[in-house]
Amino acid sequence: MMDPESWSVAVTASGLTAAQVMAGRLEAEGIPVRLRYDVAGSLYGVTINGLGAVRILVPEEYVEQARQILNRTYAERDLDWQGEE
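Right under this line is the structure:
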């Protein structure tokens, strides 16, 4: 089990759905992820003055890699939605 003190915020998402998508992307790259959020924000589904914001935590050694992955952009030609034709 990793020391809880060794986890750091990689990014903050506006809402639980966006955070779950980002977490899935990081997990697909083999990066462990934890989400931290206030219950009130998830109940009401709003982001006002930080309410509803979700902090995406990763182990300290993965912070920069996680940020690079989440900042990556893709051209449509890079995405194989239809499979090989």
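Quick note: the sequence shown uses our numbering, first residue 2, plus one each step.
Built from N, CA and C at the ideal position, the CB exists for glycine as well.
- The residues 61, 64, in chain order, have a CB closer than 6 Å to that of residue 9 in the same chain once the five nearest residues on each side in sequence are set aside.
- A check of alpha carbon separations from residue 13 across 71, 7, 75 identifies 71 as the nearest.
- DSSP places residue 14 in the uninterrupted beta strand (DSSP E) bounded by 8-15.
- Close CB contacts of residue 55 within its chain, under the 6 Å cut and outside five residues either way in sequence, are with 14, 17, 20, 36, 38 (chain order).
- Under the three-state reduction of DSSP, residue 32 is assigned to coil, being neither helix nor strand.
- Assigned with DSSP and collapsed to three states, residue 24 falls in helix.
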